[in-house]
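Enquirer: If you're matching positions, the sequence shown starts at 0 in numbering that gives the first Met the number 0 and goes up one per residue. I'd like to ask you about the structure that follows.
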Amino acid sequence: MNRRLWAWVEGEYHQTPHHGLDGVTPLEKWAQSDSVPTR
0 MNRRLWAWVE GEYHQTPHHG LDGVTPLEKW AQSDSVPTR
């Protein structure tokens, strides 16, 4: 189940434009940032 969730997060969620990010994808927003997120 965890693998399926991460496959969806990486393949769908991170690739879909978000209204809260002004229409860019989370992946694009991350690539534009200067900092690396920590867990």
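Beta carbons are placed, not taken as given, at the ideal position from N, Cα and C, and that holds for glycine.
#1: Mapping the DSSP letters down to three states, classify VAL8 as helix, strand or coil.
#2: Hey, out of HIS13, ASN1, LEU4 and VAL8, whose CA is closest to PRO25's CA?
#3: Roughly how many angstroms separate the alpha carbons of GLU27 and GLY10, rounded to a whole number?
#4: In the structure shown, what three-state DSSP assignment does PRO25 receive?
Expert: Inspection of the coordinates gives the following:
#1: If DSSP states are grouped into helix, strand and coil, VAL8 belongs with the helices.
#2: If we check each option's Cα against that of PRO25, HIS13 comes out closest.
#3: Near 13 angstroms, if we compare the C-alpha coordinates of GLY10 and GLU27.
#4: If DSSP states are grouped into helix, strand and coil, PRO25 belongs with the helices.
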